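Colleague: Just so we're aligned: 70 in the working numbering is position 14 of the sequence shown, and the numbers increase by one with no gaps anywhere. Where is the CB? At the ideal position from N, CA and C, for every residue including glycine. Source: prediction; values computed, not measured. The structure is given below, and queries will be raised subsequently.
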Amino acid sequence: MEIKQLKQVEVVTDVVCDVCNQSTKLEFGTLSAHWGYGSKHDGE
């Protein structure tokens with residue numbers, strides 16, 4: 057059985073460049089790394 061409910065969520069609609077303060081709506085990337093316990097870079 058599925059129970060459905062409408063919920064309001066907050067979504068990102070635009071990303072603004074920190075340097076030129078212009079919209080990067082069409083092209084942007086996010087860089088992240090997870091170098092935790094047991095990873096290839098553990099202890100670096």
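Val72 by DSSP, collapsed to three states: which one?
Modeller: strand
Colleague: Note down the Cα distance separating Leu62 from Thr69, rounded to an integer number of angstroms.
Modeller: Whole-angstrom Cα-Cα distance: 20 Å.
Colleague: Mind reading off the beta-carbon distance from Lys81 to Val71? Whole number of angstroms is fine, and I expect it under 8 Å.
Modeller: 7 Å
Colleague: Just how far apart, CA to CA, sit Ala89 and Ser95?
Modeller: 11 Å
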